[in-house]
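In terms of our numbering, the sequence shown opens at residue 3 and continues consecutively.
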Amino acid sequence: LSLTPMVSTKLLRQEKSHTWIFRKTEPFFVGMNEWYRRNLETFLKNRRFALVILVVSIGLIGLLWFSIPGEMAPLEDRSQITINTSAMEGATYEYMLAYVDDLAVLVEDKVPERISYTTMVRGGTFANIRINLVTPDERSRSQQEIADQLSVDVRSKTKARAFVQQQSTFGQRRMGMPVQYVLQATDIEKLREVIPPFMNKVNESEILQMADVNLKFTKPELRIHINREKAITLGVSTQNIGQTLQLALSGQRFGYFFMNGKQYQILGELARENRNKPLDLKSLYVRSNKGEMIQFDNLVTLSEETAPPQLYRYNRFVAATVSAGLVPGNTISEGIEEMDRIADEVLDDSFRTALAGDSKDYTESSSSLMFAFMLALILIFLVLAAQFESFKDPFIVMMTVPLALTGALIFMWYFNVTMNIFSQIGLIMLIGLVSKNGILLVEFANQRKAAGLNKVDAIKSAAASRFRPILMTSLATIFGLLPLALGLGEGAQSRVAMGITVVGGMVFSTFLTLFVVPAIYTYISSEPKNNDDETKTAVA
Numbered sequence: 003l004s005l006t007p008m009v010s011t012k013l014l015r016q017e018k019s020h021t022w023i024f025r026k027t028e029p030f031f032v033g034m035n036e037w038y039r040r041n042l043e044t045f046l047k048n049r050r051f052a053l054v055i056l057v058v059s060i061g062l063i064g065l066l067w068f069s070i071p072g073e074m075a076p077l078e079d080r081s082q083i084t085i086n087t088s089a090m091e092g093a094t095y096e097y098m099l100a101y102v103d104d105l106a107v108l109v110e111d112k113v114p115e116r117i118s119y120t121t122m123v124r125g126g127t128f129a130n131i132r133i134n135l136v137t138p139d140e141r142s143r144s145q146q147e148i149a150d151q152l153s154v155d156v157r158s159k160t161k162a163r164a165f166v167q168q169q170s171t172f173g174q175r176r177m178g179m180p181v182q183y184v185l186q187a188t189d190i191e192k193l194r195e196v197i198p199p200f201m202n203k204v205n206e207s208e209i210l211q212m213a214d215v216n217l218k219f220t221k222p223e224l225r226i227h228i229n230r231e232k233a234i235t236l237g238v239s240t241q242n243i244g245q246t247l248q249l250a251l252s253g254q255r256f257g258y259f260f261m262n263g264k265q266y267q268i269l270g271e272l273a274r275e276n277r278n279k280p281l282d283l284k285s286l287y288v289r290s291n292k293g294e295m296i297q298f299d300n301l302v303t304l305s306e307e308t309a310p311p312q313l314y315r316y317n318r319f320v321a322a323t324v325s326a327g328l329v330p331g332n333t334i335s336e337g338i339e340e341m342d343r344i345a346d347e348v349l350d351d352s353f354r355t356a357l358a359g360d361s362k363d364y365t366e367s368s369s370s371l372m373f374a375f376m377l378a379l380i381l382i383f384l385v386l387a388a389q390f391e392s393f394k395d396p397f398i399v400m401m402t403v404p405l406a407l408t409g410a411l412i413f414m415w416y417f418n419v420t421m422n423i424f425s426q427i428g429l430i431m432l433i434g435l436v437s438k439n440g441i442l443l444v445e446f447a448n449q450r451k452a453a454g455l456n457k458v459d460a461i462k463s464a465a466a467s468r469f470r471p472i473l474m475t476s477l478a479t480i481f482g483l484l485p486l487a488l489g490l491g492e493g494a495q496s497r498v499a500m501g502i503t504v505v506g507g508m509v510f511s512t513f514l515t516l517f518v519v520p521a522i523y524t525y526i527s528s529e530p531k532n533n534d535d536e537t538k539t540a541v542a
């Protein structure tokens, strides 16, 4: 609005004769303009087809919107893969180290594209291998293909569980599974009952793979049940029983002693050989209130059970998080839908469910898309209403939006582009880009009406005169976005979604806008005041 007019005064000059390029190309553009004018007149004679096009577009939007799978963001090839492993409770450091060494041999054999790999064993049950790959242009396989092959290969190593994972685009250092489903219950026993059948269903799913749950009942536990009636009869309190067990097993500090100038702790505990077996507890004695020594065998019974090493809570409920990967070809939205289906089959009304990790991020971003989309429509409508000083003209302009959305969704469906944050940004961008074409037509038609033409002649004249500017701006936008749509260079997976969405919307809407908007204009726009009584515009 400022720089372009100023530069034009310096660079543009009136030519006495046209260049040879102009003379060669002008007949083509004139013919194209004439072709458009003739077809527009024919279309306006059957303008009811514009309403059919709009209805079909809205129907396709509803159909494709819910059929296109969604995810937070497409995985980028970052040349890094991680193999996370977990073993049963009680596994030793040496056991996990040997297992990781086996996996390292497999990596050396199956991943020639590696630059390096590092192994790390954490405690006795967890370990991981981080593999750094050469850049994408130096290898024939993509990161996804390497990860898929590794997922198959690690299944042959059965000493522990191994999961091949890739870092999510927005996950930063988070390396969790893409689908994380939280089961919430009022008590731990209800979770203990439903987790096995729930995990069986997840493992049988054709959408989910490598499923695991963080709440595992694998920790050995010895429970001591006190016969209270017998204890009262023998004059032994539960407090004395508890204190005796604490002194025998906990290694409680009683005090300190000094020897050779050094301070040592005094710890009370049974010798290891006297507490190795559960039955050793029954040989302990406790003093009654009469001073008699009563053997534990007369007071308690023992039972061996399992318990979770750690308890988890979510929203004040006892919780367990089921994590799962996705079978190639499926997205996070399909994974969440599969989890919901399994939950409906297995869980009763006393359970609650929630999402965590990437699944939670995805649902939150998806829920905010519709709000952002509607807000963009409202803001554009209000700005146009202020500019045109009318509510009719902005409504005509907004008819370009469903046409653009239809084109974008058709291209996304055809090219297998998911509904992710990048394609969502592209959809919001389309609202502003395609509204521009409608504004050009409506504004110029209003000027023609102000000059005395009726609304049909005004929109015909405006469309014919604005045809070339609309094509120029639309083609400039489409060709400018082609590098994004073609996905050249590293990190192209994210850019492709936005490029295909915008290019598809622009191609589809540019063609239809040139016919649909003029037809809608003849329906909604009013005749100029000085032409109210004229009947020149007999339109079928």
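Ideal Cβ placement from N, Cα and C applies to all residues, glycine included.
field: Range of the contiguous beta strand (DSSP E) that encloses Leu135
entry: Walking along the sequence shown from the start, residue 135 turns up at place 133. Unbroken beta strand (DSSP E) run through Leu135: 128-135.
- request: Could you name the residues of the same chain whose beta carbon sits closer than 6 Å to that of Ser59, not counting the 5 residues immediately before and after it, in chain order?
  value: On the sequence shown, position 57 is the one that residue 59 refers to. Cβ within range, chain order: Pro404, Leu405, Thr408.
Cβ neighbours of Pro199 in the same chain (closer than 6 Å, five flanking residues each side left out): The residue you call residue 199 lines up with position 197 of the sequence shown. The beta carbon of Pro199 lies closer than 6 Å to those of Val348 in the same chain, with the five residues before and after it left out.
- prompt: So Ala129 and Val166 are in contact, right, with Cβ under 8 Å, and what is the actual spacing, rounded?
  reply: As a working mapping, residue 129 is identified with position 127 in the sequence shown. As a working mapping, residue 166 is identified with position 164 in the sequence shown. Between Val166 and Ala129 the Cβ distance is about 14 Å, and since that is not below 8 Å, they are no contact.
- request: Could you tell me whether the Cβ atoms of Val498 and Ala410 are closer together than 9 Å?
  value: As a position in the sequence shown, residue 498 is number 496, starting the count at 1. As a position in the sequence shown, residue 410 is number 408, starting the count at 1. Against a cut-off of 9 Å, the Cβ pair of Ala410 and Val498 comes out as no contact.
message: Comparing C-alpha positions only, which one of Asn134, Asp111, Pro114 sits nearest to Thr121?
response: As a working note, residue 121 is residue 119 in the sequence shown. The candidate whose alpha carbon is nearest that of Thr121 is Asn134.
message: Starting from Ser2, trace the beta strand (DSSP E) in both directions and tell me its first and last residue.
response: Look at the range of the chain in this structure, 3 to 542, and you will see that residue 2 is not part of it.
- request: In the DSSP assignment, find the unbroken beta strand (DSSP E) run with Gly257 in it and report its ends.
  value: Stepping through the sequence shown from its first residue, residue 257 is reached at position 255. Note, Gly257: beta strand (DSSP E), 254-261.
Beta-carbon proximity list for Thr303, same chain, < 6 Å, skipping 5 on both sides: Taking the sequence shown and counting its residues from 1, one reaches residue 303 at position 301. Taken in chain order, the residues that qualify are His227.
query: Does the distance from the C-beta atom of Ile472 to that of Leu442 stay below 9 Å?
result: Numbered from its first residue, the sequence shown carries residue 472 at position 470. Numbered from its first residue, the sequence shown carries residue 442 at position 440. Their beta carbons are under 9 Å apart, which means Ile472 touches Leu442 by this criterion.
field: Cα-Cα separation between Ser144 and Pro114, rounded to whole angstroms
entry: Within the sequence shown, residue 144 is the residue found at index 142, counting from 1. Within the sequence shown, residue 114 is the residue found at index 112, counting from 1. Ser144 and Pro114 have their C-alpha atoms roughly 13 Å apart.
task: Identify whether Leu13 lies in helix, strand or coil by the three-state DSSP scheme.
output: Taking the first residue of the sequence shown as position 1, residue 13 is located at position 11. Three-state result, Leu13: helix.
message: Going by DSSP in three states, Leu349 sits in which element: helix, strand or coil?
response: Sequence index remark: in the sequence shown, residue 349 carries index 347 (1-based). Reduced to three states, the DSSP call for Leu349 is coil.
query: At what residues does the beta strand (DSSP E) containing Glu307 begin and finish?
result: The count along the sequence shown starts at 1 and reaches residue 307 at position 305. Following the DSSP letters along the chain, one finds Glu307 inside the beta strand (DSSP E) bounded by residues 302-309.
task: Let me know the secondary structure DSSP gives Ser528 once reduced to three states.
output: Within the sequence shown, numbered from 1, the residue matching residue 528 stands at position 526. Residue state, collapsed to three classes: coil.
query: DSSP three-state call for Asp282: helix, strand or coil?
result: Against the sequence shown, residue 282 aligns to sequence position 280. The answer is helix: DSSP assigns Asp282 an H, G or I state.
Given Thr220 as reference, the closest of Tyr97, Ser352, Glu307, Pro180 once Cα atoms are compared: Here residue 220 refers to the residue found at position 218 of the sequence shown. Measuring from the Cα of Thr220, the nearest candidate turns out to be Glu307.
field: Exposed unless 16 or more other CB atoms sit within 10 angstroms - verdict on Leu486
entry: Sequence index remark: in the sequence shown, residue 486 carries index 484 (1-based). Counting of Cβ neighbours within 10 angstroms places Leu486 among the buried residues, the total reaching 16 or more.
query: When DSSP labels each residue in this structure, what does Ser325 get in the three-state scheme?
result: Position 323 of the sequence shown, counting from 1, holds the residue named residue 325. Strand, per DSSP.
query: If we call anything under 9 Å between Cβ atoms a contact, is Met401 one with Ile209?
result: Position 399 of the sequence shown holds residue 401. Position 207 of the sequence shown holds residue 209. In this structure, Ile209 does not lie closer than 9 Å to Met401 by Cβ.
message: Rounding to the nearest angstrom, what Cα-Cα distance links Val359 and Lys47 in this structure?
response: Sequence index remark: in the sequence shown, residue 359 carries index 357 (1-based). Sequence index remark: in the sequence shown, residue 47 carries index 45 (1-based). The sequence shown places Gly at residue 359, rather than the Val named in the question. Rounded to the nearest angstrom, the gap between the Cα atoms of Gly359 and Lys47 is 56 Å.
query: Counting along the chain, where does the beta strand (DSSP E) carrying Leu269 start and finish?
result: On the sequence shown, position 267 is the one that residue 269 refers to. Segment 264-270, the beta strand (DSSP E) holding Leu269.
- prompt: For Pro7, which residues of its own chain have a beta-carbon under 6 Å away from its beta-carbon, when the five flanking residues on both sides are left out?
  reply: On the sequence shown, residue 7 is found 5 positions in, with the first residue counted as 1. In its own chain, leaving out the 5 sequence neighbours on each side, no residue places its CB closer than 6 Å to the CB of Pro7.
- request: Between the Cα of Met431 and those of Ala464, Leu488, Ile412, Ile502, spot the shortest distance and give me the residue it belongs to.
  value: Locating residue 431 in the sequence shown gives position 429, where the first residue counts as 1. Of the listed residues, the one whose Cα sits closest to Met431 is Ile502.
query: Which parts of the segment 19-52 are runs of the beta strand (DSSP E), unbroken and 3 residues or longer, counting only runs that do not cross its ends?
result: Counting whole runs of 3 or more residues, the segment 19-52 contains no beta strand (DSSP E) stretch at all.
query: Which residues does DSSP pair with Thr365 in a beta bridge?
result: Here residue 365 corresponds to residue number 363 of the sequence shown, with the count starting at 1. Beta-bridge pairing links Thr365 to no other residue.
- prompt: Straight-line CA distance for Ile234 to Arg289?
  reply: Within the sequence shown, the letter at position 232 stands for residue 234. Within the sequence shown, the letter at position 287 stands for residue 289. Near 13 Å, if we compare the C-alpha coordinates of Arg289 and Ile234.
message: Alpha carbons only, please: which of Val215, Val204, Thr355, Gln267 is nearest the one belonging to Gln312?
response: Position 310 of the sequence shown, counted from the start, is the residue given in the question as residue 312. The residue from Val215, Val204, Thr355, Gln267 with its alpha-carbon nearest to that of Gln312 is Val215.
task: Report all residues from its chain with a CB closer than 8 Å to the CB of Leu301; omit the five preceding and five following residues, and keep chain order.
output: To locate residue 301, count along the sequence shown from 1; it is residue 299. Cβ within range, chain order: Ile228, Asn229, Lys232, Ala233, Leu236, Val238, Ile243, Val288.
message: Taking the alpha helix (DSSP H) that Met414 belongs to, which residues open and close that run?
response: Translated into the one-based positions of the sequence shown, residue 414 becomes position 412. Per DSSP, Met414 belongs to the alpha helix (DSSP H) from 402-416.
- prompt: With a CB to CB cut of under 6 Å and the five nearest residues on each side skipped, what residues in its chain are close to Arg175?
  reply: The residue given as residue 175 occupies position 173 in the sequence shown. Bear in mind that the predicted position of Arg175 carries a pLDDT of just 47, short of 50, making it too unreliable to give a figure here.
query: Counting pairs of beta carbons, one from the segment 446-466 and one from the segment 418-428, are three or more of them closer than 8 Å?
result: The segment 446-466 vs the segment 418-428: no contact.
message: On a Cα-Cα basis, can you pick out the residue from Lys279, Asn86, Gly482 that is closest to Leu224?
response: On the sequence shown, residue 224 is found 222 positions in, with the first residue counted as 1. Checked all of Lys279, Asn86, Gly482; the closest Cα to Leu224 is Lys279.
message: If you reduce the DSSP assignment to three classes, tell me which class Ser511 lands in.
response: Position 509 of the sequence shown, counting from 1, holds the residue named residue 511. In the three-state reduction of the DSSP assignment, Ser511 falls in the helix class, which pools H, G and I.
query: So which of Ile23, Lys161, Trp67 has the shortest CA-CA distance to Asp104?
result: Within the sequence shown, residue 104 is the residue found at index 102, counting from 1. For Asp104, the nearest C-alpha among the options comes from Lys161.
- prompt: For Pro222, does the three-state DSSP call read helix, strand or coil?
  reply: One-based indexing of the sequence shown puts residue 222 at position 220. Judged by DSSP in its simplified three-state form, Pro222 adopts strand.
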